[in-house]
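Chemist: So that we are looking at the same thing, I have put the structure below in structure tokens.
In my numbering, the protein residues as written are 63 to 216.
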């Protein structure tokens, strides 16, 4: 699919991504990927500055996490607002349009159910730290066919 100069494979799969504001009427374009989290489909905004996979409450409800099964209790600040929740281990799957799909483990921040109203229309965020730093990835911003390439780390 994609190769380094030395011939080593960089990416073994590719999927298309969406590029538009996350909310109607928004002006900031975002890279949005269709992923699955522990077999639950979700839309996730690529957040190169974010830690973890940050799971929107609507997705978290479908995952059915028990707070007593978490790795730890923590908080996170998103757009100036502090949210409280728990960290969990999840499997994230990127389904390839071409090539091989990939599933990798990620740390996920799951906000408390009490945070749902405050969360509003914020999406799920696919962060770098403890998430996308577990795979290789690259973007092709072709406006007619935007592509997100991915593959396993060596």
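Each residue gets a CB set at the ideal place from its N, CA and C atoms; glycine is no exception.
Would you decide whether residue 109 is buried or exposed? Buried here means 16 or more other CB atoms lie within 10 Å of its CB.
Modeler: buried
Chemist: What is the DSSP secondary structure of residue 121, reduced to helix, strand or coil?
Modeler: Helix at residue 121.
Chemist: Tell whether a beta-carbon distance below 8 Å holds between residue 76 and residue 187.
Modeler: no
Chemist: How many Å lie between residue 72 and residue 214 at the Cα?
Modeler: In a straight line, the C-alpha of residue 72 is about 8 Å away from that of residue 214.
Chemist: Could you please give me the residues that DSSP links to residue 134 through a beta bridge?
Modeler: Partner(s): 149.
Chemist: Which residues mark the beginning and the end of the alpha helix (DSSP H) in which residue 180 is found?
Modeler: 178-181
Chemist: Look at the alpha carbon of residue 165 and the alpha carbon of residue 196, and state the distance between them as a whole number of angstroms.
Modeler: 10 Å
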